[in-house]
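Chains as they are written, first to last, in this note's numbering: chain A, 1 to 345; chain B, 1 to 345.
Idealized CB from N, CA, C, for every residue including glycine.
Just so we're clear, the structure is a prediction, and the values are computed from it rather than from any experiment.
Number of protein chains: 2
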Amino acid sequence: MVTLKDISKATGVSVTQVSRALGGHGDVNAATREKVVEAAARLGYRPNAIAKGLKTGQTGFVAMVIPSDIDASGREIMFDMVVGISQAVSRHGLKFLLHVVDTAAQVPAAYDLLFQGGGIDGFILTDLHEPDPRVAYLQDRNMPFVVHGQYPERSHAFVDLDNFRVGEVLAGWLLDAGHRRILFLNGHDDRIYSSTRVAGVQHAFAVRGLNPGALDVAHGPMTRARGRDAALERLRRPDRPTAIVAGNMMLARGVWDAAAECGLRIPDDLSVTAHDDVLAQYPASGFDPIPSVTRSALPTAWAALADTVSRTIAGGEPEREIELLVPETVPGMSVAPPPSDESRG
Amino acid sequence: MVTLKDISKATGVSVTQVSRALGGHGDVNAATREKVVEAAARLGYRPNAIAKGLKTGQTGFVAMVIPSDIDASGREIMFDMVVGISQAVSRHGLKFLLHVVDTAAQVPAAYDLLFQGGGIDGFILTDLHEPDPRVAYLQDRNMPFVVHGQYPERSHAFVDLDNFRVGEVLAGWLLDAGHRRILFLNGHDDRIYSSTRVAGVQHAFAVRGLNPGALDVAHGPMTRARGRDAALERLRRPDRPTAIVAGNMMLARGVWDAAAECGLRIPDDLSVTAHDDVLAQYPASGFDPIPSVTRSALPTAWAALADTVSRTIAGGEPEREIELLVPETVPGMSVAPPPSDESRG
DNA sequence: TATCAAATCCGAAACGTTTCGGGTAATAGA
DNA sequence: TCTATTACCCGAAACGTTTCGGATTTGATA
């Protein structure tokens, strides 16, 4: 292994100056710097990450701890997320560490293990629950972390989609077309994004002077099968909803399935809006008609997450490092006025 | 952060002895050790992983580099693999590092980046191709690594399923029942396990004095859809196979689909054997009739991988650290003699 | 009592880096 | 000529750990 000392010997420049030259600090003559850089390249020098870490207290590792007992709907996208975040983090010259524990209860202990050993610069958290002990735990111990999602207090660094706006837009389209009996196929009820979206939907009712009494929110896993089942159950009722908001494209696909089974045409008999995460697994193509969606690429969020974690580690103030992503609104052909016999109901 | 020096001050024992006492070395009085251990616990001492790493040259990090451009069938199980390996590695007190690069071509550069920085003790490789540049690359540079799968030379540490035996058993059952026209639904043709299984199947023919001329090997992704399509195409030929070997349970499911579509009963009209990886995603339940399988839990292989990497890092000789897992053979009800009108064909 | 071995201990160096606190030489200004 | 400033440089300390080599104490033996 070639060290600074080797370069020092080879060039006759002191270790101090070699370090400065390579580190890009001032205080070193241009000619000297060039000589050092050349020698480093020639000898194949690579800085020793451990030694640097010992001195600076930073290792360039960003960790994410996940429990292995997540449910199937979480698994589906978890791999894309892990891959996406890992890639984004790599692009910042940081290294991504995935630590898997058996159950969610073991997560905090894993934070201790990784952080106190001194090997980790910061953590990334996703899939916030309500309440979620992880945030307070990390804040109490002064460990740097960034969250995908947010706590209402916003006292931590985070990146999040504007879920309030998602709910507002998706419901707004339907309300403006005249729908009142609306079904909202949402995610798990203990997820913060779920309740935020509900708030957005309710706000859409409120600003139009409408009572959201006829809003039916169905919480659960965001899968095609659940979307179909939940939609089917409602569509078979006499006072069936005339419109459905689907939380993601898989739920939307389930809605299309259910409509087909009931013989309902979209949008003539049933209007649908949905949120599109732009994931390869959840393609927005192949729908007929083209759905009206809010769109925000999850990979964009992951990249933003990496930006934020990089800045936070570098010493940014956590409360300042926040980013709220605004979804695109992409009207399609899946919204129409409610069928006349229904709108009177 | 509490260090050895703090414990030294608190106990009046030298840093040297504190280190030895905690490290479990001899050369330290029982009473002293007890005093030190007590103080360490009381002060909440946690060894600094970076400092230890600087001195010992080991960090406890095991890395896996994967390209993000793997195909869909690979993705399906990749997450389970990553989780399984990460968990297994954690249990050995090692930490798992996942590094994602864009394309397979960038993998070796990532090895350099991670290893030369001095932060990584060893690598885990999976999904071996033929040829695979990674093995030679790592061997040339003397980086410790363990492979899930094996190169024929066996000059490296590895854990692998005995795929030869898998092919031998699955084909043997069918041959012994009298089948001759056999379709083997295999994995991608550039994967080493695929060719090893083919060799096993051919060996099953050979030991019975049979010519494997009527063996039809179909290579491709190991998905349900591909299993169905490939099986269907063959089953509709006049000289259709009377038996099928499925490389995993998803392919098997596709075969069941195809048989149903063709109106063929299993095992009366069509015999099937398969290999079961015992993955939650690829359940072996819900088949009628119960298939005859070779069975080897992939999670077991991942655990063995962690054992092996742990020993290799600790200084084991790579060539010695090998483990060939023997599959269980679990006969079911999916094999019968070929239908009489077919067996003459 | 002198000698030796075993048990126990400790100082100091080392791992490779960064950085603090000067130091020297050249130049500019008085 | 003297002083102040600038540009460049270097030694040494420090991060927290492990470990080499030797020192000290103890107890037994001659």
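Nearest-angstrom beta carbon gap, GLY227(B) and GLY254(B) [assumed within contact, 8 Å] = In the second sequence, counting from the first residue as 1, residue 254(B) sits at position 254. In the second sequence, counting from the first residue as 1, residue 227(B) sits at position 227. Contact holds; Cβ gap of about 2 Å.
In chain A, which residues lie with their C-beta within 8 Å of the C-beta of GLN87(B)?
-> Here residue 87(B) refers to the residue found at position 87 when the second sequence is read from its first residue. Going along chain A in sequence order, the residues near GLN87(B) (Cβ under 8 Å) are SER68, VAL100, VAL101, ASP102.
Would you kindly work out how many angstroms separate the C-alpha atoms of VAL28(A) and LYS9(A), rounded to a whole number?
-> The count along the first sequence starts at 1 and reaches residue 28(A) at position 28. The count along the first sequence starts at 1 and reaches residue 9(A) at position 9. Spanning the two alpha carbons is a distance of roughly 17 Å.
Going straight from the alpha carbon of ILE124(B) to that of ASP229(A), what length do you get?
-> Here residue 124(B) corresponds to residue number 124 of the second sequence, with the count starting at 1. Here residue 229(A) corresponds to residue number 229 of the first sequence, with the count starting at 1. Between ILE124(B) and ASP229(A), the C-alpha separation is close to 42 Å.
GLY345(A) versus PRO133(A) - alpha carbon distance | Taking the first sequence and counting its residues from 1, the one referred to as residue 345(A) is at position 345. Taking the first sequence and counting its residues from 1, the one referred to as residue 133(A) is at position 133. In this prediction, GLY345(A) scores a pLDDT of 38, lower than 50, which makes its location untrustworthy; the coordinate-derived value is nonetheless stated afterwards. Their backbone Cα atoms lie some 45 Å apart in a straight line.
Can you tell me which of ALA171(A), THR11(A), VAL100(A) puts its alpha carbon nearest to the alpha carbon of LEU43(A)?
-> For the purposes of this step, residue 43(A) is identified with residue 43 of the first sequence, where counting begins at 1. Closest option to LEU43(A), Cα to Cα, is THR11(A).
Considering only residues of the same chain and omitting the five flanking positions on each side of ARG208(A), which have a CB-CB separation below 6 Å?
-> In the first sequence, the residue the question calls residue 208(A) occupies position 208. Same-chain partners within the cutoff: LEU175.
Nearest-angstrom Cβ-Cβ length linking LEU170(A) and HIS99(A), presumed shorter than 8 Å | One-based indexing of the first sequence puts residue 170(A) at position 170. One-based indexing of the first sequence puts residue 99(A) at position 99. The Cβ separation is near 36 Å, so there is no contact.
Sequence-distant residues of its chain with Cβ nearer than 8 Å to LEU325(B) (five each side left out) = For this step, residue 325(B) is matched to residue 325 along the second sequence. Excluding residues within five positions, the ones whose Cβ falls inside 8 Å are VAL159, ASP160, LEU161, ASP162, SER296, THR300, ALA301, ALA304.
Have a look at GLN58(A) and SER310(A) and give me their C-alpha separation to the nearest angstrom.
-> For this step, residue 58(A) is matched to residue 58 along the first sequence. For this step, residue 310(A) is matched to residue 310 along the first sequence. Spanning the two alpha carbons is a distance of roughly 12 Å.
Name the DSSP beta bridge partners of PHE158(B), please?
-> Mapped onto the second sequence, residue 158(B) falls at position 158. BP columns for PHE158(B) point to VAL147(B), ILE322(B).
Contiguous beta strand (DSSP E) assignments of at least 3 residues, all confined to the segment 91-128 of chain A | 95-101, 122-125
What residues of chain A sit near GLY53(B), judged by a beta carbon separation below 7 Å?
-> Here residue 53(B) refers to the residue found at position 53 when the second sequence is read from its first residue. Chain A residues near GLY53(B): ILE50.
Taking C-beta pairs closer than 8 Å, name the residues in chain B that PHE79(A) reaches, listed in chain order.
-> By 1-based counting over the first sequence, the position of residue 79(A) is 79. Those are ARG75, MET78, PHE79, VAL82, listed as they occur along chain B.
Three or more C-beta pairs below 8 Å linking the segment 254-270 of chain A and the segment 197-216 of chain A = no
Determine, using beta carbons only, whether ARG265(A) comes closer than 8 Å to chain B.
-> Counting from 1 along the first sequence, the entry for residue 265(A) is found at position 265. It does not; no Cβ of chain B falls within 8 Å.
In the DSSP assignment, find the unbroken beta strand (DSSP E) run with HIS275(B) in it and report its ends.
-> Here the question's residue 275(B) lines up with position 275 in the second sequence. 271-276 is the span of the beta strand (DSSP E), which, as asked, contains HIS275(B).
Quick one: is ARG295(B) near chain A, going by C-beta distance under 8 Å?
-> To locate residue 295(B), count along the second sequence from 1; it is residue 295. Not one chain A Cβ lies under 8 Å of ARG295(B).
Within the segment 53-88 of chain B, note down every full beta strand (DSSP E) run reaching 3 residues or more, in order along the chain.
-> 61-67
Start-end ranges of the beta strand (DSSP E) lying completely within the segment 254-309 of chain A, minimum 3 residues | 271-276, 292-295
Label ASN48(B) either buried or exposed according to how many other C-beta atoms from any shown protein chain fall within 10 Å of its C-beta, with 16 as the threshold for buried.
-> Taking the first residue of the second sequence as position 1, residue 48(B) is located at position 48. So ASN48(B) counts as buried.
is_contact[PHE96(B), chain A] using C-beta, thresh 8 Å = Counting from one through the second sequence, the residue named residue 96(B) turns up at place 96. It does: the Cβ of PHE96(B) has a partner Cβ on chain A nearer than 8 Å.
Collapsed DSSP secondary structure at ASP229(A) in the structure displayed = Counting from 1 along the first sequence, the entry for residue 229(A) is found at position 229. Three-state result, ASP229(A): helix.
Hey, quick one: how far does the beta strand (DSSP E) through GLU328(A) stretch, first residue to last?
-> Counted from its first residue, the first sequence places residue 328(A) at position 328. From DSSP, the beta strand (DSSP E) with GLU328(A) extends over 328-330.
For ARG185(B), which beta-bridge partners are listed by DSSP?
-> Here residue 185(B) corresponds to residue number 185 of the second sequence, with the count starting at 1. Here the sequence assigns Leu to residue 185(B), which means Arg is not the residue at that position. Beta-bridge pairing links LEU185(B) to ALA218(B), ALA246(B).
Could you work out which residues of chain A lie near THR300(B), taking near to mean beta carbons separated by less than 7 Å?
-> Within the second sequence, numbered from 1, the residue matching residue 300(B) stands at position 300. Here the premise fails: no neighbours, minimum Cβ distance about 16 Å.
Delimiting residues of the alpha helix (DSSP H) encompassing ASP190(A) = Your numbering for residue 190(A) matches position 190 in the first sequence. Where ASP190(A) is concerned, there is no enclosing alpha helix (DSSP H), given that its DSSP letter is neither H nor E.
Please confirm if the segment 114-122 of chain B is in contact with the segment 269-288 of chain B, defined as three or more CB-CB distances below 8 Å between the two stretches.
-> no
If we ignore side chains and look at the alpha-carbon of each, how far apart do LEU270(B) and ALA336(B) end up?
-> By one-based count along the second sequence, residue 270(B) stands at place 270. By one-based count along the second sequence, residue 336(B) stands at place 336. When rounded, the distance between both Cα atoms is 8 Å.
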